[in-house]
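K.L.:
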Amino acid sequence: MMSLFSIFSILSLSVLSIISHAAPLGGKIVGRDTGLLASYDFIIVGGGTSGLVVGNRLSENTATTVLIIEAGELDQGEDFICVPLFAGIGNGAIGTKYDWNLTYSPELAADDRSIAIPLGKVVGGGSCLNKMVFDIAGKVDYDRWLEVGGVGWNDLFPYFKKLTNFTPPAPEIAKEWDIQTDPTAHGYNGYVHSSYPTFYWPSNKYFFAAMKFLGIRKVFDSLNGDANGALWNPQSLDPDTKTRSNSRTAYWNSASNRTNLHLLTGHQATKLITKSNNGGVSIIGVEYAAGSNSTKSTVLAKREVILAAGAIHSPQLLQLSGIGDPFLLKKLGINTVVNLPGVGANFQDHPLLASVTSLNIALSANNLTSNATFNAEMLALYRFNRTGPYSTEGLNAFAFLGTPSFTNTTSHIVSSASSITPASYLSPDTDRSVLLGYEAQYRILTRDLPSNNVPIMEFIFVDGSVYAILQHPFSRGTVAITSTDPFTPPSANPGFLSHQTDLLLLSAAARYARTIINTPTFAPLSPVETIPGPAVQTESDFEAWIRSTIGSTYHPSGTTSMMKRQLGGVVDSNFKVYGVKNLRVVDAGTFPMIQAAHLQVTVYAMAERAADAIKKTYRF
Numbered sequence: 000m001m002s003l004f005s006i007f008s009i010l011s012l013s014v015l016s017i018i019s020h021a022a023p024l025g026g027k028i029v030g031r032d033t034g035l036l037a038s039y040d041f042i043i044v045g046g047g048t049s050g051l052v053v054g055n056r057l058s059e060n061t062a063t064t065v066l067i068i069e070a071g072e073l074d075q076g077e078d079f080i081c082v083p084l085f086a087g088i089g090n091g092a093i094g095t096k097y098d099w100n101l102t103y104s105p106e107l108a109a110d111d112r113s114i115a116i117p118l119g120k121v122v123g124g125g126s127c128l129n130k131m132v133f134d135i136a137g138k139v140d141y142d143r144w145l146e147v148g149g150v151g152w153n154d155l156f157p158y159f160k161k162l163t164n165f166t167p168p169a170p171e172i173a174k175e176w177d178i179q180t181d182p183t184a185h186g187y188n189g190y191v192h193s194s195y196p197t198f199y200w201p202s203n204k205y206f207f208a209a210m211k212f213l214g215i216r217k218v219f220d221s222l223n224g225d226a227n228g229a230l231w232n233p234q235s236l237d238p239d240t241k242t243r244s245n246s247r248t249a250y251w252n253s254a255s256n257r258t259n260l261h262l263l264t265g266h267q268a269t270k271l272i273t274k275s276n277n278g279g280v281s282i283i284g285v286e287y288a289a290g291s292n293s294t295k296s297t298v299l300a301k302r303e304v305i306l307a308a309g310a311i312h313s314p315q316l317l318q319l320s321g322i323g324d325p326f327l328l329k330k331l332g333i334n335t336v337v338n339l340p341g342v343g344a345n346f347q348d349h350p351l352l353a354s355v356t357s358l359n360i361a362l363s364a365n366n367l368t369s370n371a372t373f374n375a376e377m378l379a380l381y382r383f384n385r386t387g388p389y390s391t392e393g394l395n396a397f398a399f400l401g402t403p404s405f406t407n408t409t410s411h412i413v414s415s416a417s418s419i420t421p422a423s424y425l426s427p428d429t430d431r432s433v434l435l436g437y438e439a440q441y442r443i444l445t446r447d448l449p450s451n452n453v454p455i456m457e458f459i460f461v462d463g464s465v466y467a468i469l470q471h472p473f474s475r476g477t478v479a480i481t482s483t484d485p486f487t488p489p490s491a492n493p494g495f496l497s498h499q500t501d502l503l504l505l506s507a508a509a510r511y512a513r514t515i516i517n518t519p520t521f522a523p524l525s526p527v528e529t530i531p532g533p534a535v536q537t538e539s540d541f542e543a544w545i546r547s548t549i550g551s552t553y554h555p556s557g558t559t560s561m562m563k564r565q566l567g568g569v570v571d572s573n574f575k576v577y578g579v580k581n582l583r584v585v586d587a588g589t590f591p592m593i594q595a596a597h598l599q600v601t602v603y604a605m606a607e608r609a610a611d612a613i614k615k616t617y618r619f
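So the sequence shown is numbered by numbering that gives the first Met the number 0: it starts at 0 and just counts up by one.
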């Protein structure tokens, strides 16, 4: 999330590691490829959030051999990964060796800025870098995917429960903070912990009071398919150790003693090995290397290769392998193996704004940076009994709202969106199938834009700061290789603000963030807005500020979308890549339309569903 949280990064780097979650090495973890088999039943490219899920589930069958290839290494249980406060209000592992440290290509509509996009380069991937928000979108959101050829709520809900090991809040915490849960909405035997912290910043109560004053309903439990209103979200938090629960601690550690599951770290897949036979194309293996100057090696797949490298690196690998848009591939001298223009198209991310207000309150997150003694005491408290502010990532108070709930300009925004031809916002050389897919999505977006039942904006309250995050952007971008060198990052740009409707929505959201703080409920705290500041008043003021400050929520998705092929889709509802055998994609790139939620839980669920689809194919 955006760099306002970075005030705690110095703290996170100054503290020695206090947690160790190293797994027993019963399985094979290798940093060199000399210990690998010549072939495996399944090869998974990417040992991140989704890849470890699939690796765990497929290796449950002891007769099946599985290799996971991961560019990063195993983390060492550093505080900046494990301690919740560093992950949430701090920068966590962002900017460290566990991050690819990439930026989006300069975005003209965002003052030509290159916006940071942290991506996990570590076993566990993005689940080691994210803000630990454990949430899902509402039923209506996922069912929109069905309209373009994807899966829906009924397909995913069993997997939301399967992945989860839920611990409800203690009765005294639930009563004090008015946290309600629906026991039927959660799983209790999964690998990923979902729980509520025991510490909350006092200002959170003022936020919920402000929401009530503004007529916003309180959501009972957002994990039951209703995520429309003000709500508390659980965290991916181990309730016993008060540390991050991620794909590595959940899915790798629990499977690492299996001798049929191998993990190759520090190596990047560079190309998919293809074979043509009777007019068809099959994937038979993966080429990989430790670096640009290293020798390339090949490992064969007896059954399938599964891409789990994320929404930027999975399309990159497909394009390098000749699977993608012939127009792009020809420019780089790459022979087209499979004509699939949707690869790298449909790129989406959640754009984020941060409004900051100073509050006069005794206990706040600012105390941690302004008072070294207080910070030391709170860290000592966490070390001693896992309580206090370090035991929570700090992002607890949310509101997901439909357009009419946060602005009185809905009709103007809808009119603006409806009057625009979708094709005018895509590149003139966009393939017709991709254009048809965007037009189908556009109809859904404009249909739901005036609805109060489909949240389009997320507001997060963090001790005076209000983050406004657009959930269903109209803007689309691309991921495209610029070189045949696999170690050259692709050009990646989600097209932030390239569609005028997104700018109108974010401008309205920025005004609403100010409205929240200016409700009578916050008056006792004498709020003083510092960002964007009182000088920003007119529509042109807000738009200029938005262009200069818009950032990413670090949710890249959509580039290998689960849509019909004639709509620019890349995979079918079983995650199989169109036009080629023995190849699937299981990461966030498969999301056809980015949902109104943080991504990690949906990534886990999609990967769980993909694993079952693979098992069904091979009847094990």
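All C-beta atoms in this analysis are idealised placements derived from N, C-alpha and C, irrespective of residue type, glycine included.
I need the DSSP call for Q594, collapsed to helix, strand or coil.
P.N.:
It is coil, neither helix nor strand.
K.L.:
Could you please give me the residues that DSSP links to R243 through a beta bridge?
P.N.:
Beta-bridge pairing links R243 to L236.
K.L.:
For K274 and G284, what's the separation of their Cα atoms in angstroms?
P.N.:
The straight-line gap from Cα to Cα measures roughly 9 Å.
K.L.:
According to DSSP, is D40 part of a helix, a strand, or is it coil?
P.N.:
Correct three-state label for D40: strand.
K.L.:
Pick helix, strand or coil for Q347, following the three-state DSSP scheme.
P.N.:
Here Q347 sits in strand by DSSP.
K.L.:
Would you list, in sequence order, the uninterrupted alpha helix (DSSP H) runs of no fewer than 4 residues that lie entirely inside the segment 402 to 489?
P.N.:
Taking only runs of at least 4 residues, the alpha helix (DSSP H) segments lying wholly in the segment 402 to 489 are 402 to 405, 409 to 417, 431 to 447.
K.L.:
Mind checking which residues open and close the alpha helix (DSSP H) that includes V600?
P.N.:
From DSSP, the alpha helix (DSSP H) with V600 extends over 599 to 617.
K.L.:
Are the segment 433 to 450 and the segment 405 to 424 touching by the rule of at least three beta carbon pairs closer than 8 Å?
P.N.:
The segment 433 to 450 is in contact with the segment 405 to 424.
K.L.:
How long is the line joining the alpha carbons of K295 and G265, rounded to whole angstroms?
P.N.:
Their backbone Cα atoms lie some 13 Å apart in a straight line.
K.L.:
Measuring only the C-alpha atoms, how far is D447 from I468?
P.N.:
Straight-line Cα distance between these residues: approximately 17 Å.
K.L.:
Whose CA, out of Q594, G568, V53, lies closest to the CA of A308?
P.N.:
Of the candidates Q594, G568, V53, the one whose C-alpha sits nearest the C-alpha of A308 is V53.
K.L.:
Using DSSP with H/G/I as helix, E/B as strand and the rest coil, what is G25?
P.N.:
Confidence is the limiting factor: at G25 the pLDDT is only 42, short of 50, which leaves the residue's position unreliable, though a coordinate-based value still follows. Here G25 sits in coil by DSSP.
K.L.:
Which residues bound the alpha helix (DSSP H) around F198?
P.N.:
From DSSP, F198 is part of no alpha helix (DSSP H); its letter is neither H nor E.
K.L.:
At which residues does the alpha helix (DSSP H) containing W544 begin and terminate?
P.N.:
Looking at the DSSP string, the run of the alpha helix (DSSP H) that includes W544 is 538 to 548.
K.L.:
So for D98, helix, strand or coil by DSSP?
P.N.:
Reduced to three states, the DSSP call for D98 is strand.
K.L.:
S369 to N359, Cα distance in whole Å?
P.N.:
Spanning the two alpha carbons is a distance of roughly 14 Å.
K.L.:
With distances taken between CB atoms, is the gap from V433 to G343 smaller than 7 Å?
P.N.:
Cβ atoms of V433 and G343: not closer than 7 Å.
K.L.:
Please list the terminal residues of the continuous alpha helix (DSSP H) segment that includes L162.
P.N.:
Taken as a continuous stretch (DSSP letters only), the alpha helix (DSSP H) holding L162 covers 152 to 162.
K.L.:
Helix, strand or coil for S104 per DSSP?
P.N.:
Correct three-state label for S104: coil.
K.L.:
Which class does T518 belong to by DSSP, given the choice of helix, strand or coil?
P.N.:
Note: T518 maps to coil in three-state DSSP.
K.L.:
Please state whether the Cβ-Cβ distance between D348 and P519 is less than 7 Å.
P.N.:
Their beta carbons are not under 7 Å apart, which means D348 does not touch P519 by this criterion.
K.L.:
Using the C-alpha atoms, what's the distance from A353 back to N517?
P.N.:
Computed Cα separation, rounded: 16 Å.
K.L.:
By the 10 Å Cβ neighbour count, where 16 or more other Cβ atoms means buried, how is V105 classified, buried or exposed?
P.N.:
Sequence check: residue 105 is Pro here, not Val. P105 comes out exposed.
K.L.:
Using 8 Å as the cut-off, can you tell me whether the segment 299 to 316 makes contact with the segment 449 to 468, which would need three or more C-beta pairs spanning the two stretches below that distance?
P.N.:
Output reads no: the segment 449 to 468 does not touch the segment 299 to 316.
K.L.:
Is it true that the CB of I455 sits closer than 7 Å to the CB of T402?
P.N.:
Closer than 7 Å, so yes.
K.L.:
Can the beta-carbon of A596 be found closer than 7 Å to that of I215?
P.N.:
Not closer than 7 Å, so no.
K.L.:
Where do the ends of the alpha helix (DSSP H) carrying K329 lie?
P.N.:
Start and end: 325 to 330.
K.L.:
Suppose contacts are defined by Cβ-Cβ distances below 7 Å. Is T391 in contact with F198 by that definition?
P.N.:
It is a contact, given that the beta carbons lie within the stated cut-off.
K.L.:
Taking 8 Å as the threshold, find out whether the segment 206 to 215 comes into contact with the segment 179 to 187 through three or more Cβ pairs.
P.N.:
Short answer: they don't touch.
K.L.:
Between L524 and S357, what straight-line distance do the alpha-carbon atoms span, to the nearest angstrom?
P.N.:
Each residue's Cα considered, the two are about 9 Å apart.
K.L.:
Are the Cβ atoms of N245 and G76 separated by less than 7 Å?
P.N.:
No, the pair does not count as a contact, with Cβ atoms beyond the cut-off.
K.L.:
Using only the alpha-carbon positions, how far apart do G341 and A379 sit?
P.N.:
Approximately 52 Å, taken between the alpha carbons.
K.L.:
Report the residue from G50, G151, T269, I42 whose alpha carbon sits nearest the alpha carbon of S572.
P.N.:
Checked all of G50, G151, T269, I42; the closest Cα to S572 is G151.
K.L.:
Starting from R56, follow the alpha helix (DSSP H) in both directions and report where the run begins and ends.
P.N.:
Per DSSP, R56 belongs to the alpha helix (DSSP H) from 48 to 57.
K.L.:
Using 8 Å for Cβ pairs, my map puts P168 next to Y205. What's the rounded Cβ distance?
P.N.:
Their Cβ separation, rounded to whole angstroms, is 20 Å, which puts P168 and Y205 out of contact at 8 Å.
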